[in-house]
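For reference, the structure discussed in these notes is given below.
Protein chains in written order, with the numbering used here: chain H, 54 to 221; chain R, 353 to 482.
Right under this line is the structure:
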């Protein structure tokens with residue numbers, strides 16, 4: 054298995070993922086790691102319908118996704134190019150803590166919600182988000198913000214995240 | 353009255369509606385919204401709110417720009433699949449002009465068919481290299 058992208062995006066599967074990154078990275082499978090979506094047959098179906106026919110979708114709980122990424126053969130991922138998605142920074146942290154072999158984290162979209170502050174355009178965070186992102190950085194992962202290929206990838210330094218967290 | 357929401361990326365929908373009204377004059381019940389700056393859940397809430405305001409007798413059409421994108425997901429997650437609305441992707445100017453022209457004269461299912469036909473007809477090679 055080759056993990057081509059691990060992305061935090063609260064829109065989950067949408068055009069930036071399937072067309073933007075999909076065209077560049079050519080994933081065979083998208084692993085959508087979300088307890089909420091995995092527990093809702095209709096949401097799972099909607100997201101599975103959103104991909105081009107040549108791309109497969111696995112909707113799994115975060116813990117099942119971590120297990121699948123650690124043992125790719127169990128979910129037919131062994132020889133696949135895999136793009137993994139979570140809807141929140143917290144879920145990405147849980148995925149990594151559970152042993153998923155993620156080395157870099159791409160932040161695609163964390164949109165505004167009440168109580169969140171703008172970090173960068175289309176990236177709004179609260180203290181919990183910052184804690185998770187900082188934890189990912191401290192675990193040695195590079196965390197970057199890049200909505201689509203071909204634009205500047207803004208690296209989020211762990212020290213910056215720590216500073217922001219204390220100021221929130 | 354049959355209503356319509358044009359839900360798109362960026363300000364495509366807003367501009368399409370503006371141009372429709374530039375051509376035909378004000379069209380009551382034709383509105384636009386965007387996914388810009390919104391999470392999947394927030395866009396789905398735009399849809400569910402619009403569905404709540406529909407006249408159940410006449411129904412409505414939810415126009416989206418691209419199948420497989422966040423607007424399409426929002427249409428389904430917002431409840432359009434089980435509502436009085438029809439969801440149409442690939443919105444273009446011809447579709448909206450057709451909608452605005454026929455919506456007071458035909459039932460919704462017939463308007464939908466005309467809109468789809470006109471929208472497809474509008475995608476054509478007009479000239480140039482073949």
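Note that CB positions come from ideal geometry on N, CA and C, so glycine has one too.
Backbone CA spacing between residue i and residue j [nearest angstrom]
i, j, result
"residue 377 of chain R", "residue 219 of chain H", "54 Å"
"residue 192 of chain H", "residue 211 of chain H", "10 Å"
"residue 411 of chain R", "residue 442 of chain R", "20 Å"
"residue 216 of chain H", "residue 164 of chain H", "21 Å"
"residue 395 of chain R", "residue 133 of chain H", "32 Å"
"residue 199 of chain H", "residue 190 of chain H", "16 Å"
"residue 151 of chain H", "residue 119 of chain H", "6 Å"
"residue 462 of chain R", "residue 471 of chain R", "14 Å"
"residue 389 of chain R", "residue 197 of chain H", "19 Å"
"residue 429 of chain R", "residue 416 of chain R", "14 Å"
"residue 100 of chain H", "residue 353 of chain R", "32 Å"
"residue 182 of chain H", "residue 426 of chain R", "24 Å"
"residue 207 of chain H", "residue 136 of chain H", "20 Å"
"residue 437 of chain R", "residue 403 of chain R", "7 Å"
"residue 408 of chain R", "residue 361 of chain R", "27 Å"
"residue 102 of chain H", "residue 384 of chain R", "24 Å"
"residue 178 of chain H", "residue 469 of chain R", "45 Å"
"residue 456 of chain R", "residue 157 of chain H", "55 Å"
"residue 117 of chain H", "residue 58 of chain H", "18 Å"
"residue 184 of chain H", "residue 127 of chain H", "32 Å"
"residue 465 of chain R", "residue 399 of chain R", "22 Å"
"residue 170 of chain H", "residue 98 of chain H", "32 Å"
"residue 459 of chain R", "residue 397 of chain R", "27 Å"
"residue 213 of chain H", "residue 201 of chain H", "23 Å"
"residue 413 of chain R", "residue 355 of chain R", "6 Å"
"residue 83 of chain H", "residue 205 of chain H", "24 Å"
"residue 87 of chain H", "residue 419 of chain R", "22 Å"
"residue 444 of chain R", "residue 467 of chain R", "10 Å"
"residue 454 of chain R", "residue 479 of chain R", "29 Å"
"residue 166 of chain H", "residue 89 of chain H", "18 Å"
"residue 481 of chain R", "residue 176 of chain H", "44 Å"
Beta carbon of residue i nearer than 7 Å to that of residue j
i, j, result
"residue 112 of chain H", "residue 91 of chain H", "yes"
"residue 423 of chain R", "residue 357 of chain R", "no"
"residue 54 of chain H", "residue 130 of chain H", "yes"
"residue 63 of chain H", "residue 140 of chain H", "yes"
"residue 186 of chain H", "residue 142 of chain H", "yes"
"residue 60 of chain H", "residue 203 of chain H", "no"
"residue 209 of chain H", "residue 180 of chain H", "no"
"residue 27 of chain H", "residue 188 of chain H", "Since the first and last residues shown for chain H are 54 and 221, residue 27 of chain H lies out of range."
Nearest-angstrom beta carbon gap, residue j and residue i [assumed within contact, 8 Å]
i, j, result
"residue 68 of chain H", "residue 421 of chain R", "4 Å"
"residue 368 of chain R", "residue 448 of chain R", "6 Å"
"residue 138 of chain H", "residue 70 of chain H", "7 Å"
"residue 446 of chain R", "residue 474 of chain R", "4 Å"
"residue 115 of chain H", "residue 144 of chain H", "5 Å"
"residue 372 of chain R", "residue 379 of chain R", "6 Å"
"residue 434 of chain R", "residue 382 of chain R", "Between residue 382 of chain R and residue 434 of chain R the Cβ distance is about 23 Å, and since that is not below 8 Å, they are no contact."
"residue 155 of chain H", "residue 56 of chain H", "7 Å"
Buried or exposed (CB count within 10 angstroms, at least 16 for buried), residue i
i, result
"residue 375 of chain R", "exposed"
"residue 159 of chain H", "buried"
"residue 95 of chain H", "exposed"
"residue 125 of chain H", "buried"
"residue 194 of chain H", "buried"
"residue 387 of chain R", "buried"
"residue 401 of chain R", "exposed"
"residue 450 of chain R", "buried"
"residue 406 of chain R", "buried"
"residue 75 of chain H", "buried"
"residue 173 of chain H", "exposed"
"residue 153 of chain H", "buried"
"residue 121 of chain H", "buried"
"residue 477 of chain R", "exposed"
"residue 392 of chain R", "buried"
Query raised in the report: Is it a yes or a no for the region 76-91 of chain H touching the region 107-122 of chain H, going by three-plus beta-carbon pairs under 8 Å?
Result: yes
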